[in-house]
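A.B. asks: Residue numbers (the working numbering), protein chains in the order written: chain W, -10 to 519; chain F, 33 to 269. Ideal placement from N, C-alpha and C gives every residue a C-beta, glycine not left out. Dumping the structure here so I can ask a few things about it.
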Amino acid sequence: MNNLKELIRVQLKNLFFQSRGSKKGKKAGIGFMVLQMGLMVYLSVFYSLALYSSLPPAQYYLGIYMMSAAGALMILIIGVPYAQGFLFGFKDFDFLMSLPVRKQDVVASKITTFMILQYLYAGFFMIPAMIVYGNVSGQGAVFYLLMVLGFLSAPLVSIMISALIGLLMKNISSRMKNQTLVSTILNILFMAAIFFFSFRMNSQSDPTRLLARTLPLIKVWMPQIYWYVSGCIDGSLLPVLASMAVSIGLFALFLYLSAPLVLKVSARSEQGYHVKNFRLHSERSQTLMRTLLKKEFGRLFSNTNYLMNMCFGIVMMIAVSVYALMNRSFLQVFLEQESFADAARIIPGLILLGIGFMGHSTCTTGVSISLEGKSFWILKTLPISIRQIFLSKGLVNFVIIIVPALFCLVLLGIAFAFPWQDFLIGFVYLVLLAAFVSMYGLFINLCFPKLDFDRDIVVIKQSMASFLSIIGSMIMGIVVFFSYLSILSRQTQPEGTTILLILCSIYLFLDVLLYEYLEHEGAKTFRKLS
Amino acid sequence: MLEITDLHKSFGNKEILHGISLNVEDGEIYGFIGHNGAGKTTTIRCAVGILEYEQGTIRVDGMDLEKDPISCKKIMAYLPDNPDLYENLTGAQYLEFLANIYGISSTDRQERITALGRELEIYDSLGDQIKTLSHGMKQKVAVIGAFMHQPKMLVLDEPFVGLDPKATYILKQKMKELCAGGSAVFFSSHVLEVVENLCDHVAVLKEGAIIREGRTSEIKKEGQTLEDLFLELEGHE
């Protein structure tokens, strides 16, 4: 038992405070945790309030079902990559197996740590949503008591499903030579399934009807959540207990069946691949920049979590573009609802900013310096200038954004019959935006570097740089999008094209600022890194 | 070839190196010894451009490392004590990467990688992912990477750790061959017998300062081994 406690303590410390030996690092680590959890609370409260503002009081109960189901879905989305990296492919496998501790303790410590992490995410999302509901619907103490009691088991089924999907993916990919490629494809398929489900759910524009349609689905697919929420709302203990019994029972069964697989799959996933009868083939020499670009692209595509986390935006960009293409009338309806005088005139701008927003969430440079990790000495000792290093990292990000962005621009531009001026402005806008995101990521990573880690996922998902590069860039995208809408909805509105030109100028200004920073201060900071 | 003058390096408020000065001549093998934490790795990491330093100058073949780092690094190679390479690449891919950076022609790289790979008995594993290799095998890949562009200045930090006896012998031979061609080697080691037999010049480092430096044959007393000298310096200083 002591061993298990010690293992869990070390795993948690490793997970949350890893490599933050310095005071500054510790502060950044704690700051990152606070930010991440704060964001969960903000999202939960923001969406809850938005939901209740669009529902009549008699139907507030629909909102809490929706938020609880969203929480369960969120645990699933966050849990799948964590399960693959933390539960079924842990890097400290050799170390842990060499310790004089029981295998069961190793497995139990991994599962417990995984659960604690998931409970944290669930707690900071589901509890605030329940409190908002309790507040707006004037619930009493019983509601809150049942809420706390039921929460003890409410996330278990989602955690179990995420672990099962993670196990399945890891089990398949670990048997393949190209583990990463297979893993990436499986993860993309998983995300596509989630999107497909979400799009189908959101095709209903009236929130009351949407929620009413969702409720039977929750009843069927998430009965434990339905019982938990209905018990809390009605002040009835029995459904809450039923929810707990089902969740705990299923989870216990999962533990019994899957625990032996944790070590087996982890051992296999760490093996890598070997080549029989190797012969060195003559390779053509390549230019320095091409070599660096190949390295950077290789780094991006050799890590499923990096690819999925940082390139989520472009997957969304393409998916939403195809969706918009197939539902052209949707934009028209939306604009009529928002009372825009001349919908056709502002559609190009809206589409452009929509594409731009997705580009904002694609920030590979945000962790690209950190990911050099213990191999950082290689870059530092090679005859490569810092400008070339920055350029190679930035160019990968730029290409990753600009290629799909221009594809979407052309696709939607033709579909919505953009005038040629809008194509031109769109091109300039996206180029400036892609350059901004690429340089912004480098800026953030230089401010919050993290070179000492044992698993890439720690940098990709749990570092301050990862958080700030994606969230910060996305916030800018949101601000730009809604500023555009807000200006256009005014009485004395300027031309949509004029606003886009102003936006281009702002991005150009920011690009110059960031370029100047990277050239001077950024290079100095990079030199100090080791 | 490598000239370090009055090198000072601090981490936070703590000064680690207190004015290191040394000079590695062309064609010379220079050994750097000292107890754990004496500052050997820090000196080496400054010399190859990994760490910045507060005071002093480092010149490689007459070029200032701070002012012209690219030119210096073009003629240098570094072998760290812990071969943390790009784990997801294969050994061959990693070496191709280095060959491209150093601008080694297609024919030369093929010849050199094959020859060094066979000599170090790692050739058959060059197609494997680096993460599957043992410490010693990674070290061998790093050794090929360090010698591949025939550097004028080779800097090694504890190069023999993890290498098997044959690989250790070959590495020593390669270091000698390199110096015979006019290049210089600067390395740190705890294996005093190797330093004594291999090096033309030795510096003993203690608590961030060089306490003895000179030609290997000259710094010892009659009948004294380098180990005796090292222990004497450690005990009496």
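State the CB to CB distance for the pair I136 of chain F and H181 of chain F, rounded to an integer number of angstroms; the pair is presumed to be in contact (CB under 8 Å).
C.D. replies: 6 Å between Cβ atoms; contact.
A.B. asks: DSSP has E47 of chain F in a bridge; who is on the other side?
C.D. replies: Bridge partners of E47 of chain F: F:S42.
A.B. asks: What is the C-beta distance between M185 of chain F and L34 of chain F, in whole angstroms, given that I count them as a contact (C-beta under 8 Å)?
C.D. replies: So it is a contact: roughly 6 Å between Cβ atoms.
A.B. asks: Whole angstroms are fine: how far does the CA of I378 of chain W sit from the CA of L503 of chain W?
C.D. replies: Each residue's alpha carbon lies about 16 Å from the other.
A.B. asks: Counting along the chain, where does the beta strand (DSSP E) carrying I154 of chain F start and finish?
C.D. replies: Looking at the DSSP string, I154 of chain F is not in any beta strand (DSSP E), and its letter there is neither H nor E.
A.B. asks: Taking C-beta to C-beta, are D196 of chain F and G168 of chain F nearer than 8 Å?
C.D. replies: For D196 of chain F and G168 of chain F, yes; Cβs fall inside 8 Å.
A.B. asks: What does DSSP give as the partner residue(s) for I61 of chain F in the beta ladder?
C.D. replies: For I61 of chain F, which the question treats as bridged, DSSP gives the partners F:V217.
A.B. asks: State the Cα-Cα distance for the pair V227 of chain F and V234 of chain F, rounded to the nearest angstrom.
C.D. replies: So the two alpha carbons sit approximately 8 Å from each other.
A.B. asks: Please name the residue, chosen from W:W366, W:L401, W:Y506 and W:Y496, that lies closest to N114 of chain F on a Cα-to-Cα basis.
C.D. replies: Out of W:W366, W:L401, W:Y506 and W:Y496, W:W366 has the C-alpha closest to the C-alpha of N114 of chain F.
A.B. asks: Are three or more beta carbon pairs between the segment 405 to 414 of chain W and the segment 35 to 42 of chain W nearer than 8 Å?
C.D. replies: Contact between the segment 405 to 414 of chain W and the segment 35 to 42 of chain W is absent, because fewer than three Cβ pairs lie under 8 Å.
A.B. asks: When you compare the segment 447 to 458 of chain W with the segment 18 to 26 of chain W, are there three or more beta-carbon pairs, one atom per stretch, that lie closer than 8 Å?
C.D. replies: Touching, yes.
A.B. asks: Please state the DSSP three-state secondary structure of E35 of chain F.
C.D. replies: Of the three classes helix, strand and coil, the one that applies to E35 of chain F here is strand, per DSSP.
A.B. asks: Can you find a C-beta in chain W that's less than 8 Å from the C-beta of L39 of chain F?
C.D. replies: Taking Cβ atoms only, chain W never reaches closer than 8 Å to L39 of chain F, which makes this a no.
A.B. asks: Just the chain W side, please: which residues come within less than 8 Å of L117 of chain F by C-beta, in chain order?
C.D. replies: S364 and I367, listed in chain order.
A.B. asks: Is there a Cβ from chain F that is less than 8 Å from the Cβ of E272 of chain W?
C.D. replies: True, the Cβ-Cβ gap to chain F drops below 8 Å.
A.B. asks: Which of helix, strand or coil does DSSP assign to D411 of chain W?
C.D. replies: Here D411 of chain W sits in helix by DSSP.
A.B. asks: Any C-beta of chain W sitting closer than 8 Å to the C-beta of N120 of chain F?
C.D. replies: Answer yes: the Cβ-Cβ gap between N120 of chain F and chain W drops below 8 Å somewhere.
A.B. asks: What does DSSP give as the partner residues of Q87 of chain F in its beta bridges?
C.D. replies: For Q87 of chain F, which the question treats as bridged, DSSP gives the partners F:H40.
A.B. asks: Ignoring anything shorter than 4 residues or poking outside the segment 64 to 123 of chain F, list the alpha helix (DSSP H) runs there in chain order.
C.D. replies: DSSP runs (the alpha helix (DSSP H)) wholly in the segment 64 to 123 of chain F: 72 to 79 and 101 to 106.
A.B. asks: Cβ of V80 of chain F less than 8 Å from any chain W Cβ?
C.D. replies: Cβ-Cβ to chain W under 8 Å: yes for V80 of chain F.
A.B. asks: Please state whether the Cβ-Cβ distance between F179 of chain F and K208 of chain F is less than 8 Å.
C.D. replies: No. Outside cutoff.
A.B. asks: So with Cβ pairs under 8 Å, would you call I449 of chain W a contact of chain F?
C.D. replies: For I449 of chain W, the answer is no, since every Cβ of chain F falls outside 8 Å of its Cβ.
A.B. asks: Any beta carbon of chain F sitting closer than 8 Å to that of F267 of chain W?
C.D. replies: So, interface residue.
A.B. asks: Flag this pair as yes or no: are the beta carbons of R288 of chain W and L360 of chain W separated by less than 8 Å?
C.D. replies: Taking 8 Å as the Cβ cut-off, R288 of chain W and L360 of chain W qualify as a contacting pair.
A.B. asks: Tell me the residue span of the alpha helix (DSSP H) that contains M305 of chain W.
C.D. replies: Per DSSP, M305 of chain W belongs to the alpha helix (DSSP H) from F301 to M315.
A.B. asks: Roughly how many whole angstroms lie between the Cα atoms of G63 of chain F and I76 of chain F?
C.D. replies: One C-alpha to the other measures close to 12 Å.
A.B. asks: CA-CA distance, I375 of chain W and H222 of chain F?
C.D. replies: Distance between the alpha carbons of I375 of chain W and H222 of chain F: 34 Å.
A.B. asks: Looking at V56 of chain F and A216 of chain F, is the spacing between their C-beta atoms short of 8 Å?
C.D. replies: For A216 of chain F and V56 of chain F, yes; Cβs fall inside 8 Å.
A.B. asks: How many Å lie between Q128 of chain W and M136 of chain W at the Cα?
C.D. replies: Approximately 11 Å between the Cα atoms of the pair.
A.B. asks: Could you tell me whether the segment -8 to 7 of chain W touches the segment 91 to 110 of chain W, using the rule of 3 or more Cβ pairs below 8 Å?
C.D. replies: The segment -8 to 7 of chain W is in contact with the segment 91 to 110 of chain W.
A.B. asks: How should P521 of chain W be labelled, buried or exposed, when 16 other C-beta atoms within 10 angstroms of its C-beta is the threshold for buried?
C.D. replies: As displayed, chain W neither begins before -10 nor continues past 519, which places residue 521 of chain W out of reach and without an answer.
A.B. asks: Based on DSSP bridge pairs, tell me the residues matched to M185 of chain F.
C.D. replies: Note: M185 of chain F sits in a beta bridge opposite F:M108 and F:A216.
A.B. asks: How many angstroms separate the CA atom of S8 of chain W from the CA atom of F442 of chain W?
C.D. replies: With a pLDDT of 49 at S8 of chain W, under the threshold of 50, the predicted position of this residue should be treated as unreliable, though the coordinate-derived value follows. Each residue's alpha carbon lies about 6 Å from the other.
A.B. asks: What do you get for G69 of chain F, buried or exposed, if any count of 16 or more other CB atoms within 10 angstroms of its CB means buried?
C.D. replies: Exposed, by the Cβ-count rule.
A.B. asks: Taking DSSP as the reference, what is the three-state secondary structure of R9 of chain W?
C.D. replies: Residue placement at R9 of chain W cannot be trusted, given a pLDDT of 48 that sits under 50; what the coordinates show is reported in the next sentence. The answer is coil: DSSP assigns R9 of chain W none of H, G, I, E or B.
A.B. asks: Starting from the C-beta of T276 of chain W, find all residues in its chain whose C-beta is less than 7 Å away, skip the five residues before and the five after it, and write them out in chain order.
C.D. replies: Cβ neighbours of T276 of chain W beyond the five flanking positions: none.
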